[in-house]
Amino acid sequence: MAIIISIILAIVFALVMIVLSVRANTRFRKEQKLPMQWMISRSQPLSSTVIRSAPRVIALGFVPFLGITVLSLFAIGATTLTPRPGQEGMLLPSLIFIGSILVGIQVLHLWLIEKTLRRSGE
Numbered sequence: 024m025a026i027i028i029s030i031i032l033a034i035v036f037a038l039v040m041i042v043l044s045v046r047a048n049t050r051f052r053k054e055q056k057l058p059m060q061w062m063i064s065r066s067q068p069l070s071s072t073v074i075r076s077a078p079r080v081i082a083l084g085f086v087p088f089l090g091i092t093v094l095s096l097f098a099i100g101a102t103t104l105t106p107r108p109g110q111e112g113m114l115l116p117s118l119i120f121i122g123s124i125l126v127g128i129q130v131l132h133l134w135l136i137e138k139t140l141r142r143s144g145e
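For the record, in the sequence shown the residue sitting at position 73 is 96 according to this note's numbering, with numbers rising by one throughout.
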């Protein structure tokens, strides 16, 4: 039963990441390229030190692609591997932790994009 719940939960996290990207795509539809990578500097704020940019679709699809890949590998592992004794109950908490981290990274990435575009538009 935990395996089925973990697969459903992985799908839910993947759908959340896709919805976030689709909403961001409509919000940034006027931009041809979006920032992808920033350099941390003591003298300048993070949003003004863009190292790499990418076309909008690639920039917004990169993090969900990585997340869906990780969640798919997790689901495959959950269905094919057997846990060590005493670790049977760690499947769902691990998936919730990993899925939350992935969604949080995407939210951070979208926030940095918006902050950078707002700063450069001033």
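Even glycine gets a Cβ: it sits at the ideal position worked out from N, Cα and C. Remember, it's a predicted structure, so these values are computed and weren't measured experimentally.
Contact annotation, L140 with E54: C-beta distance approximately 7 Å; criterion of less than 8 Å satisfied.
DSSP, read as helix, strand or coil, puts I34 in helix. Considering only S44, A98, R65 and L114, the residue with the shortest C-alpha distance to F85 is S44. In this structure, the alpha-carbon of A77 lies about 41 Å from that of Q110.
Cβ contact annotation for L114 (same chain, cutoff 8 Å, sequence separation greater than five): A25, I26, S29, A101 and P106, in chain order. Distances from the CA of L89 to each of I63, V73, S66 and G122 were compared; the closest alpha carbon is that of G122. For L83, the closest C-alpha among the options I31, Q60, S64 and A33 is that of Q60. Of the candidates L94, L32 and V39, the residue whose Cα lies closest to the Cα of Q129 is V39. Uninterrupted alpha helix (DSSP H) stretches at least 4 residues long and entirely within the region 76–121 occur at 79–103, given in chain order.
Separation of the CB atoms of I41 and P87 is rounded to 6 Å, and the pair is thereby assigned contact status at 8 Å.
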